[in-house]
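Down below is the structure, laid out as structure tokens.
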Amino acid sequence: MSDTNEIFNLLEATIDNYETSYRHQWDSLPEDYKMKMANGIVGFEILVSELQAKKKSSQNRTEIEKQNIIDALSKSSDANEKKIADFMKQHDVGAV
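As numbered in the working numbering, the sequence shown has no gaps in its residue numbers, which increase by one up to the final residue, 110.
Next up, the structure:
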């Protein structure tokens, strides 16, 4: 990407996606400072042509350790950790 405005928009989208707690601070920065930052950033796009994955869920743990992991993830307030626990339950990872 070579257009500063395009990079600036990408930077703000990245903040919104990954650093939501930083957004208020970002909004309070002077525009010229933010544009200088955008000028120093090299933006790029990656086109994914293939995706490979492996399913690994604590395969090197004992069955009791796996169940403890599922229990801890299930009690988490983090939605992603709960999803991992559900996945592990559905695929009999840690079934004792």
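For every residue, glycine included, the Cβ atom is placed at its ideal position computed from N, Cα and C.
No experiment lies behind these values; they were computed from the predicted model shown.
Backbone secondary structure at residue i - three-state DSSP
| i | result |
| --- | --- |
| residue 76 | coil |
| residue 65 | coil |
| residue 38 | helix |
| residue 51 | helix |
| residue 103 | helix |
| residue 22 | helix |
| residue 92 | coil |
| residue 59 | coil |
| residue 97 | helix |
| residue 17 | coil |
CB contact flag (residue i, residue j, <7 Å)
| i | j | result |
| --- | --- | --- |
| residue 57 | residue 21 | yes |
| residue 99 | residue 78 | no |
| residue 52 | residue 25 | yes |
Of the residues the options, the one placed nearest residue i, counting alpha carbons only
| i | options | result |
| --- | --- | --- |
| residue 15 | 60, 42, 92, 85 | 60 |
| residue 105 | 35, 73, 49 | 73 |
Buried or exposed (CB count within 10 angstroms, at least 16 for buried), residue i
| i | result |
| --- | --- |
| residue 65 | exposed |
| residue 43 | exposed |
Cutoff 8 Å; reference residue i; Cβ partners in own chain excluding five residues on either side
| i | result |
| --- | --- |
| residue 90 | 96, 99 |
Residues near residue i by beta carbon distance below 7 Å, same chain, minus five either side
| i | result |
| --- | --- |
| residue 29 | 36, 37, 40 |
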